[in-house]
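*Asks:* Residue numbers (the working numbering), protein chains in the order written: chain V, 2 to 156; chain G, 253 to 788; chain W, 13 to 443. For each residue, glycine too, the CB sits at the ideal point set by N, CA and C. Sharing a structure below in structure tokens format, with a few things to ask.
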């Protein structure tokens with residue numbers, strides 16, 4: 002069952018952290034997404050009950066923030082930065098290469114669930130452009146070769 | 253110009269001097285001198301959102317335009333709503349609102365009362381420079397039992413969301429996504445189903461939220477509005493009846509801060525459907541008239557016969573055997589006229605049936621589903637319970653019964669039908685054919701809701717006026733007319749010639765109303781101060 | 013002292029291999045300023061020092077920090093200092109560097125700030141994508157707590173200060189202070205109407221000051237060395253060291269620390285290695301993050317401080333210096349930014365919500381050769397309708413670049429209309 006006992010303990014701790022429990026909402030959603038990989042409708046209902054919030058508001062918060070996913074990503078969720086500096090340092094070539102190599106479009110998941118690909122806005126790493134984030138990790142100063150090596154290393 | 257008192261503030265709006273209470277926002281300040289500052293998201297009964305930006309005004313010494321809804325009037329403030337800076341901003345907002353708005357006017361219920369349409373006409377530039385692709389959303393979404401939602405028409409003013417948060421506290425609605433894909437909606441699987449859901453359609457400035465029962469039924473410019481009172485419960489919400497071709501097509505709330513603010517419950521909003529679904533009593537029926545009778549026949553001999561019958565029973569068995577059943581559904585004039593008739597016949601027993609369902613809620617709904625039970629008590633009837641009256645009939649203490657707007661037999665069932673047999677004379681006045689009507693010796697046709705003038709007193713002790721917007725059905729009358737006709741033939745006074753005379757006649761008989769006349773009641777009614785109202 | 017001789021003050025620790033640890037920080041003199049503040053100074057004295065230093069906000073607005081703190085009510089009563097670590101302005105990556113490589117510098121500055129304003133529970137709002145910096149900061153807070161540098165009765169002074177680190181979840185708009193507060197309260201990050209201002213009604217309705225990471229990192233320096241010493245760095249009214257983020261078509265992109273007022277060309281050509289490709293000369297520079305007006309190459313003889321750049325018609329902003337060579341099509345570049353703002357707009361208010369999407373459609377048409385001449389003036393007019401009419405500065409942040417790029421590079425936009433293609437000659441991508 003999600004959230005598991007372990008996650009629920011972390012959720013309890015998060016709720017204690019704030020003077021107003023509602024402030025814990027984003028932290029709780031992060032914890033649930035960490036466990037499930039995304040946030041399902043039943044998770045939103047569960048969170049609404051746990052935090053005593055209207056379900057529509059919880060769902061509204063989930064839909065506002067781009068990091069909260071409502072569909073399962075691949076095991077390696079590839080997020081390529083596409084904002085100005087990364088663009089002029091070649092992110093479009095990286096994305097084209099990824100789309101060709103993985104056989105999916107921006108927004109897609111490979112059939113075997115290994116990779117998903119999206120382009121995202123500025124990740125605050127313009128000095129090492131072009132770059133991408135895979136799950137939690139930044140991969141910077143990318144070239145096509147480094148990209149291939151990284152892909153191979155992701156099982 | 254000095255401020256009159258510390259609580260008042262004087263400022264200038266479009267070169268006009270304006271004095272308002274401190275804390276007044278600029279929209280209301282301007283409104284007080286007849287200047288319209290257009291707006292969508294602002295509503296005087298909801299919190300300030302400040303998101304539509306339509307009310308941007310130019311304030312001297314402030315480099316940027318300010319929104320009038322959240323800016324409070326300050327002493328010496330100089331506001332320009334028509335400067336180039338303000339006009340440019342406002343035209344910009346209009347153009348921006350229309351770029352993703354669908355060209356639905358020909359099929360949209362809101363046309364004719366659409367704020368976006370009206371402001372586009374008054375404040376827009378008459379054209380758009382947008383020639384791209386509009387953002388699309390689901391249209392015709394079943395949002396709740398009474399509400400259809402069109403996502404493309406929505407301008408994200410959030411009035412509906414604030415209503416569900418601040419007025420009904422039910423929180424069904426929220427904002428989803430962001431940027432120009434922002435849309436309002438419910439949690440998956442949940443609906444907008446609070447008891448006041450229809451109000452979201454009232455406050456929606458566009459046709460994004462519309463009422464299902466009115467969808468595609470009438471163009472609003474064909475509707476004549478009659479200002480009246482809802483008769484669904486003891487709140488007496490102020491309403492407009494939207495009427496065309498002798499039919500009520502919708503009921504919408506009128507704003508009355510003392511009664512219902514800007515709201516009405518869904519049941520009251522749709523109450524006109526009940527009135528339209530019953531079989532009407534159009535003509536007098538009964539043995540006294542040997543079949544159905546017109547008003548002429550009644551006037552010529554019918555009333556005389558009823559008076560004679562009642563007089564006969566009173567002589568034979570005593571005046572106390574003449575009794576009445578009054579109703580919280582009846583107007584004050586009708587209730588007073590019933591009492592007059594019973595008293596002229598020598599009786600004094602009048603019962604008031606109770607119609608309660610559910611509970612009073614925290615907003616408007618009252619469990620008393622009649623609009624004028626207070627009137628019945630004030631007028632001085634309601635001195636015995638229907639059960640006591642039934643017992644009195646069975647034991648022969650009541651032999652003649654006059655029933656006003658109640659289906660006494662229908663509601664008390666077999667027991668009452670059995671008691672009917674013990675009565676020498678049963679007369680009913682009603683607007684529809686009921687079991688009681690069918691079992692009556694005489695049945696007289698009454699106006700239904702929307703067909704007559706009448707005063708009602710709500711649970712707060714406020715007296716308000718019902719107004720007619722429909723022609724009375726066939727031979728129907730307000731009950732005070734036939735009742736006082738009969739009473740006059742038993743020694744009662746002359747029959748009032750019109751409603752105002754009837755009101756003044758009734759008022760003269762009720763201490764709490766004795767100073768009143770109909771013009772004082774206006775469209776919003778008057779709070780009675782008499783302790784007999786039982787307020788508090 | 014020339015800029016060549018300048019030794020970093022804010023970045024002095026970042027190259028130590030163990031720079032994130034408390035012991036390393038203390039070894040290099042860290043937490044002496046906190047000690048001085050809580051043991052030898054009153055909160056008012058700390059505030060006066062920060063005021064006298066002339067420190068101006070490093071998040072983008074450049075508002076004097078001491079004055080901002082001074083807006084908070086004095087005396088007892090709940091108030092909050094909130095650290096804005098939501099760094100999301102395109103071209104900006106300095107706060108991340110500080111958090112990742114010298115977290116204790118940030119913490120020390122934050123604790124001193126909390127002491128100065130009377131905040132006993134400080135919040136750090138860090139963008140959700142910064143996972144590694146978050147973990148580093150958490151560890152640093154734990155270390156500080158264990159060493160009695162944070163938490164109850166700091167260094168025996170009687171001053172309590174708990175620090176809570178709060179993760180965002182992907183929204184540039186949460187870098188706007190009132191949207192940040194909304195997000196911190198567990199809601200959609202939609203900016204609030206001002207007035208009231210956060211100094212009166214902020215987090216949980218209490219007086220609040222929101223400050224940028226780099227701004228706060230200057231505070232230990234001010235307290236340790238004194239406001240006059242600090243004010244000697246940089247230029248009048250533009251005091252102190254500054255972290256410049258240089259990116260784009262340069263050989264050595266990265267964060268460079270210099271006193272405020274370094275000439276832009278010196279920054280690019282003498283420190284950041286000059287232009288990336290010999291054959292592609294400088295075309296334009298965005299001096300302060302994507303939201304500021306652009307400087308064409310011929311206008312780049314300018315000093316990098318708040319007032320000089322304002323006089324040049326642009327802004328220092330977040331000091332995100334994006335260097336563009338002549339391979340960049342300005343229509344394409346502006347389209348990239350318009351898409352960014354359209355993606356990040358919270359959607360609350362009409363001009364920004366609808367205007368951003370409209371900009372994107374116009375620029376897309378121009379970019380693919382379907383533009384009209386009237387599109388250029390339309391873009392300018394829309395900027396006039398948006399700027400100054402929105403709830404928050406995001407509307408201004410998109411309107412200013414649009415106006416600037418169309419005005420400065422009008423010939424290029426017109427070329428797109430007339431010839432249905434780019435004027436700029438693309439170069440192979442450097443990957």
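Tell me which same chain residues have a C-beta within less than 7 Å of the C-beta of residue 268 (chain W), skipping the five on either side of it?
*Replies:* Contacts found: 256, 258, 279, 283 and 284.
*Asks:* So, is residue 675 (chain G) buried or exposed, given that buried needs 16 or more other C-beta atoms within 10 angstroms?
*Replies:* Answer is buried; the Cβ neighbour count reaches 16.
*Asks:* Would a check of beta-carbon distances place residue 58 (chain V) closer than 9 Å to chain G?
*Replies:* Judged by the 9 Å Cβ criterion, residue 58 (chain V) is in contact with chain G.
*Asks:* Within the 9 Å Cβ cut-off, does residue 55 (chain V) reach chain G?
*Replies:* Cβ-Cβ to chain G under 9 Å: yes for residue 55 (chain V).
*Asks:* Would you please verify whether the beta carbon of residue 780 (chain G) is less than 9 Å from any beta carbon of chain V?
*Replies:* Chain V, which has no Cβ nearer than 9 Å to the Cβ of residue 780 (chain G), makes this no.
*Asks:* Roughly how many angstroms separate the alpha carbons of residue 307 (chain W) and residue 300 (chain W), rounded to a whole number?
*Replies:* Approximately 10 Å between the Cα atoms of the pair.
*Asks:* Let me know the secondary structure DSSP gives residue 348 (chain G) once reduced to three states.
*Replies:* Three-state result, residue 348 (chain G): helix.
*Asks:* Does DSSP put residue 527 (chain G) in a helix, in a strand, or in coil?
*Replies:* Helix.
*Asks:* Which residue wins for smallest C-alpha separation from residue 160 (chain W), given the options W:46, W:439 and W:342?
*Replies:* The residue with the shortest Cα to Cα distance from residue 160 (chain W) is W:46.
*Asks:* Could you confirm whether any beta carbon from chain G is found closer than 9 Å to the beta carbon of residue 411 (chain W)?
*Replies:* No, residue 411 (chain W) does not count as interfacial toward chain G.
*Asks:* Does DSSP put residue 480 (chain G) in a helix, in a strand, or in coil?
*Replies:* Residue state, collapsed to three classes: strand.
*Asks:* Under 8 Å, CB to CB, which of the residues in the segment 404-423 of chain G have a partner in chain V?
*Replies:* The residues in question are 423.
*Asks:* Residue 237 (chain W) lies in the alpha helix (DSSP H); which residues open and close that run?
*Replies:* Where residue 237 (chain W) is concerned, the enclosing alpha helix (DSSP H) stretches over 231-237.
*Asks:* Using a cut-off of 7 Å between C-beta atoms, extract the partners of residue 45 (chain V) located in chain W.
*Replies:* None at all; the shortest Cβ gap to chain W is about 14 Å.
*Asks:* Within the same chain, show all residues whose beta-carbon is closer than 6 Å to that of residue 437 (chain W), passing over the 5 residues directly before and after it, in chain order.
*Replies:* For residue 437 (chain W), where only same-chain residues beyond five positions count, there are no Cβ hits under 6 Å.
*Asks:* What did DSSP end up calling residue 540 (chain G) once you bin it into helix, strand or coil?
*Replies:* Confidence at residue 540 (chain G) is low in this model, with a pLDDT of 48, below 50, so its placement is unreliable and the value that follows should be read with caution. In the structure shown, residue 540 (chain G) sits in a helix (DSSP, three-state: H, G or I).
*Asks:* Can you tell me which of the three DSSP states residue 135 (chain V) falls into?
*Replies:* Residue 135 (chain V) falls in the strand class under three-state DSSP.
*Asks:* Does residue 285 (chain G) pass the burial test, meaning 16 or more other C-beta atoms within 10 Å, or should it be called exposed?
*Replies:* Residue 285 (chain G) is exposed by the Cβ-count criterion.
*Asks:* Any contact between the segment 398-417 of chain G and the segment 351-371 of chain G? By contact I mean 3 or more CB pairs, one from each, below 8 Å.
*Replies:* Contact holds: three or more Cβ-Cβ distances are below 8 Å.
*Asks:* Can the beta-carbon of residue 333 (chain G) be found closer than 9 Å to that of residue 309 (chain G)?
*Replies:* Yes, Cβ-Cβ distance for residue 333 (chain G) and residue 309 (chain G) is below 9 Å.
*Asks:* Taking C-alpha atoms, which residue in V:85, V:51 and V:36 lies nearest to residue 16 (chain V)?
*Replies:* For the residues V:85, V:51 and V:36, the minimum Cα distance to residue 16 (chain V) belongs to V:51.
*Asks:* Quick check: is the beta carbon of residue 439 (chain G) nearer than 9 Å to any beta carbon in chain W?
*Replies:* Closer than 9 Å: no.
*Asks:* If we define contact as Cβ-Cβ less than 9 Å, is residue 277 (chain G) a contact residue for chain W?
*Replies:* No, residue 277 (chain G) does not count as interfacial toward chain W.
*Asks:* Let me make sure I understand the geometry here. Which of W:236, W:155 and W:322 has the alpha-carbon closest to that of residue 44 (chain W)?
*Replies:* When only C-alpha atoms are compared, the closest one is W:236.
*Asks:* Could you check which residue in G:773, G:433, G:410 and G:420 has the C-alpha nearest to that of residue 426 (chain G)?
*Replies:* Closest by alpha carbon: G:410.
*Asks:* In three-state DSSP terms, what is residue 35 (chain W)?
*Replies:* Residue state, collapsed to three classes: helix.
*Asks:* With a threshold of 9 Å between beta-carbons, can residue 344 (chain W) be considered close to chain G, or not?
*Replies:* Residue 344 (chain W) does not count as touching chain G.
*Asks:* Give the list of continuous alpha helix (DSSP H) stretches no shorter than 4 residues that lie fully inside the segment 109-137 of chain W.
*Replies:* DSSP runs (the alpha helix (DSSP H)) wholly in the segment 109-137 of chain W: 115-129.
*Asks:* What residues in the segment 129-155 of chain W have a beta carbon less than 8 Å from any beta carbon of chain V?
*Replies:* Here the close residues are 133, 139, 140, 141, 142, 143 and 144.
*Asks:* For residue 563 (chain G) and residue 743 (chain G), what's the separation of their Cα atoms in angstroms?
*Replies:* When rounded, the distance between both Cα atoms is 11 Å.
*Asks:* Rank W:109, W:127 and W:129 by C-alpha distance to the C-alpha of residue 142 (chain W) and give the top, closest one.
*Replies:* Comparing Cα-Cα distances from residue 142 (chain W) to each of W:109, W:127 and W:129, the minimum goes to W:109.
*Asks:* Compare the Cα-Cα distances from residue 266 (chain W) to each of V:155, V:57, V:86 and V:136 and report the closest residue.
*Replies:* Ranking V:155, V:57, V:86 and V:136 by Cα distance to residue 266 (chain W) puts V:86 first.
*Asks:* Would you give the residue range spanned by the beta strand (DSSP E) that residue 445 (chain W) belongs to?
*Replies:* Here chain W has residues from 13 to 443 only, and residue 445 (chain W) is not among them.
*Asks:* Which whole-angstrom value is the C-beta distance of residue 661 (chain G) and residue 691 (chain G), which I expect to be below 8 Å?
*Replies:* Their Cβ separation, rounded to whole angstroms, is 6 Å, which keeps residue 661 (chain G) and residue 691 (chain G) in contact under 8 Å.
*Asks:* So who's on the other strand from residue 116 (chain V), going by DSSP bridges?
*Replies:* The partner list for residue 116 (chain V) (beta bridge, DSSP) reads V:77.
*Asks:* Taking all protein chains shown into account, do 16 or more other C-beta atoms lie within 10 angstroms of the C-beta of residue 267 (chain G), making it buried, or fewer, making it exposed?
*Replies:* Residue 267 (chain G) comes out exposed.
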